[in-house]
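Participant: Below you'll find the structure I mean.
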Amino acid sequence: MFLDVTTSILELFTGVGIFLVAIIMLSKIFGKPSERLHRFFRKTGTNRFVNVGLGVVTVGITQSSTPTTVIVISLVGGGMLSILQATGLIMGINIGSSLTSLLFVFSTFRIRYFITFLVFVGAAIKLATKNEKWVYAANICITFGLLFIGLGSMSSALGSNEIIVGFFEGIFSRVTFPLWLFLIGTVFSALIQSSSAAIGISVAMVASGLLPFESAIYIVIGANLGTSFTAIIASLPGNRNAKRVGLFHVLFNLLGAILFLATVWPLQEVLVPWYQGLIYDPTIQLSVFHIVFNTVTMLVLVSFITPLNRIVCWIIKDKSEK
383 MFLDVTTSIL
393 ELFTGVGIFL
403 VAIIMLSKIF
413 GKPSERLHRF
423 FRKTGTNRFV
433 NVGLGVVTVG
443 ITQSSTPTTV
453 IVISLVGGGM
463 LSILQATGLI
473 MGINIGSSLT
483 SLLFVFSTFR
493 IRYFITFLVF
503 VGAAIKLATK
513 NEKWVYAANI
523 CITFGLLFIG
533 LGSMSSALGS
543 NEIIVGFFEG
553 IFSRVTFPLW
563 LFLIGTVFSA
573 LIQSSSAAIG
583 ISVAMVASGL
593 LPFESAIYIV
603 IGANLGTSFT
613 AIIASLPGNR
623 NAKRVGLFHV
633 LFNLLGAILF
643 LATVWPLQEV
653 LVPWYQGLIY
663 DPTIQLSVFH
673 IVFNTVTMLV
683 LVSFITPLNR
693 IVCWIIKDKS
703 EK
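Note that this note's numbering has the sequence shown beginning at 383, numbered continuously upward.
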């Protein structure tokens with residue numbers, strides 16, 4: 383048992399290492415701004431709703447919010463995105479991630495296996511040619527592949543360990559106080575770097591009757607906050623603006639969590655039965671709730687993007703302001 387847990391912890395830190403290497407590579411790739419990308423983002427401008435929509439679409443393509451967030455942070459670090467544009471994209475990424483969690487329930491298809499294969503594709507290209515454009519494309523392939531390998535390693539390290547998963551399942555089935563459930567969901571999602579995994583366990587427990595839906599919703603709120611801490615890790619190798627975007631991601635999800643805890647917790651005796659009356663299938667109730675959570679949070683906070691940006695810039699000041 384000790385060896386299994388130790389192995390999982392080592393795999394976790396290995397995944398973190400690969401993840402950080404991929405982030406550094408992304409920062410270097412996007413460190414030289416291209417005129418084409420500049421033109422594209424100049425067209426999107428500061429329209430927050432356009433940027434939110436781009437975030438939703440991008441996650442819909444990649445089927446994973448964390449790599450998309452990392453890319454956004456890298457673009458900010460490379461000077462291709464302003465903080466205002468990036469924060470709009472982050473809001474859209476949150477909604478896109480909740481749509482992905484709904485697809486997770488209906489399908490077992492995993493696009494990440496095809497993306498990790500890009501490491502081989504990139505290596506083959508670099509061995510076959512020295513052409514600068516092809517080598518650049520190969521580096522992008524390798525970086526994306528390593529990014530998903532690192533995420534997969536982090537997720538499988540703890541998410542697939544029966545002892546650790548069983549431990550959390552035992553907690554989820556016994557703890558009923560909403561704040562504790564929220565904190566447990568936050569910690570669990572932060573550890574395995576995947577809100578979908580935490581939500582998937584919760585869905586399975588609700589479907590089997592081990593966990594009441596009114597308890598599971600607090601785990602979902604916590605899981606949504608926990609997965610945003612990946613943005614902090616991703617921003618560490620970047621510049622101040624990259625760190626500000628990472629902080630914004632956590633702040634945005636934290637405010638959304640506070641909003642829903644303050645609303646759902648005191649009114650759960652009324653809201654939960656009403657919601658369950660709308661959606662009868664317990665296997666999709668949590669995924670739909672995840673979508674509602676992120677969409678409502680975006681609609682409430684989208685008008686406050688500028689003040690929130692000022693807050694993160696105040697927390698992470700420029701050198702001249704210290």
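Ideal Cβ positions, reconstructed from N, Cα and C, are used throughout, including at glycine. Small disclaimer: the values here were computed from a predicted structure and weren't measured.
Here's a check: name, in chain order, each residue in its chain whose Cβ is nearer than 7 Å to the Cβ of ASN433, leaving out the five neighbours to either side.
Facilitator: By one-based count along the sequence shown, residue 433 stands at place 51. THR426, GLN467, GLY470, LEU471 and GLY474, listed in sequence order.
Participant: Between THR396 and VAL517, what straight-line distance do the alpha-carbon atoms span, to the nearest angstrom?
Facilitator: On the sequence shown, position 14 is the one that residue 396 refers to. On the sequence shown, position 135 is the one that residue 517 refers to. Going from the Cα of THR396 to the Cα of VAL517 covers about 26 Å.
Participant: Do you know whose CA, among LEU528, THR525, ILE522 and ILE601, lies nearest ARG556's CA?
Facilitator: Counted from its first residue, the sequence shown places residue 556 at position 174. Minimum Cα distance to ARG556 is reached at ILE601.
Participant: From the DSSP output, in three-state form, read off TYR600 for me.
Facilitator: Your numbering for residue 600 matches position 218 in the sequence shown. It is helical.
Participant: Quick one: what's got a C-beta closer than 6 Å to GLY459's C-beta in the same chain, skipping five residues either side?
Facilitator: Position 77 of the sequence shown, counted from the start, is the residue given in the question as residue 459. These residues qualify, in order along the chain: SER409, GLY620, ASN621 and ALA624.
Participant: Given this structure, state the Cα-to-Cα distance separating ALA404 from PRO648, to the nearest angstrom.
Facilitator: Numbered from 1 along the sequence shown, position 22 holds the residue referred to as residue 404. Numbered from 1 along the sequence shown, position 266 holds the residue referred to as residue 648. Taking the straight line joining both Cα atoms gives about 43 Å.
Participant: Rounded C-beta distance between LEU528 and VAL503? I'm assuming under 8 Å.
Facilitator: Along the sequence shown, read from residue 1 onward, the residue named residue 528 stands at position 146. Along the sequence shown, read from residue 1 onward, the residue named residue 503 stands at position 121. Wrong, their Cβ atoms sit about 12 Å apart, outside the cutoff.
Participant: Given this structure, state the Cα-to-Cα distance separating GLU596 from ALA644, to the nearest angstrom.
Facilitator: Locating residue 596 in the sequence shown gives position 214, where the first residue counts as 1. Locating residue 644 in the sequence shown gives position 262, where the first residue counts as 1. Their Cα atoms are separated by approximately 14 Å.
Participant: For a test of the three-state rule: what should DSSP assign to LEU681, helix, strand or coil?
Facilitator: In the sequence shown, the residue the question calls residue 681 occupies position 299. The answer is helix: DSSP assigns LEU681 an H, G or I state.
Participant: In chain order, what residues of the same chain have a beta carbon less than 6 Å from the beta carbon of ILE693, not counting five sequence neighbours either side?
Facilitator: Taking the first residue of the sequence shown as 1, we reach residue 693 at position 311. Excluding residues within five positions, none has a Cβ falling inside 6 Å.
Participant: Report all residues from its chain with a CB closer than 7 Å to the CB of MET680; omit the five preceding and five following residues, and keep chain order.
Facilitator: What you label residue 680 is simply residue 298 of the sequence shown in a count that begins at 1. Closer than 7 Å at Cβ, skipping near neighbours: VAL434, MET473, ASN476 and ILE477.
Participant: Answer with buried or exposed for ALA510, where buried requires no fewer than 16 other C-beta atoms within 10 angstroms of its C-beta.
Facilitator: The residue labelled residue 510 in the question sits at position 128 within the sequence shown. Looking at its Cβ environment, which holds fewer than 16 other Cβ atoms inside 10 Å, ALA510 is exposed.
Participant: Identify the continuous alpha helix (DSSP H) that holds TYR657 and give its terminal residues.
Facilitator: Numbered from 1 along the sequence shown, position 275 holds the residue referred to as residue 657. First-last of the alpha helix (DSSP H) with TYR657: 622-660.
Participant: Which same chain residues, not among the five before or five after VAL632, have their C-beta less than 8 Å away from its C-beta?
Facilitator: Here residue 632 refers to the residue found at position 250 when the sequence shown is read from its first residue. Same-chain partners within the cutoff: LEU607, SER610, PHE611, ALA613 and ILE614.
Participant: Tell me the rounded alpha-carbon separation between SER456 and SER617.
Facilitator: The residue given as residue 456 occupies position 74 in the sequence shown. The residue given as residue 617 occupies position 235 in the sequence shown. Straight-line Cα distance between these residues: approximately 8 Å.
Participant: Leaving out the 5 sequence neighbours to the left and right, which residues in its chain are closer than 7 Å to ILE400 when beta-carbon positions are compared?
Facilitator: Here residue 400 corresponds to residue number 18 of the sequence shown, with the count starting at 1. Answer for ILE400: LEU528, ILE531, GLY532 and SER535, listed in chain order.
Participant: Taking only three categories from DSSP, how would you classify GLY461?
Facilitator: If you number the sequence shown from 1, residue 461 lands on position 79. Here GLY461 sits in coil by DSSP.
Participant: Should ASN521 and MET407 be called a contact, given that it needs their Cβ atoms to be closer than 8 Å?
Facilitator: As a first step, residue 521 must be located in the sequence shown, where it is residue number 139. As a first step, residue 407 must be located in the sequence shown, where it is residue number 25. Their beta carbons are under 8 Å apart, which means ASN521 touches MET407 by this criterion.
Participant: Is THR558 buried or exposed, if buried means 16 or more other CB atoms sit within 10 Å of its CB?
Facilitator: Position 176 of the sequence shown, counted from the start, is the residue given in the question as residue 558. Exposed, since its Cβ has fewer than 16 Cβ neighbours within 10 Å.
Participant: What would DSSP say about PRO415, mapped onto helix, strand or coil?
Facilitator: To locate residue 415, count along the sequence shown from 1; it is residue 33. Note on PRO415: pLDDT 47, under 50, position unreliable in the model; the coordinate value appears next. Coil.
Participant: Can you give me the C-alpha to C-alpha distance between GLY461 and THR451, rounded to a whole angstrom?
Facilitator: Residue numbering aside, residue 461 sits at position 79 when the sequence shown is read from its first letter. Residue numbering aside, residue 451 sits at position 69 when the sequence shown is read from its first letter. Distance between the alpha carbons of GLY461 and THR451 is about 15 Å.
Participant: Quick one: is LEU392 buried, meaning 16 or more other Cβ sit within 10 Å of its Cβ, or exposed?
Facilitator: Sequence index remark: in the sequence shown, residue 392 carries index 10 (1-based). Per the 10 Å Cβ criterion, exposed.
Participant: What three-state label does DSSP hand ASP663 in the structure shown?
Facilitator: The sequence position of residue 663 within the sequence shown is 281, counting from 1. The answer is coil: DSSP assigns ASP663 none of H, G, I, E or B.
Participant: Cα separation between THR568 and ASP663?
Facilitator: As a first step, residue 568 is located in the sequence shown; it is residue number 186 there, counting from the start. As a first step, residue 663 is located in the sequence shown; it is residue number 281 there, counting from the start. Going by the C-alpha atoms only, they are around 25 Å apart.
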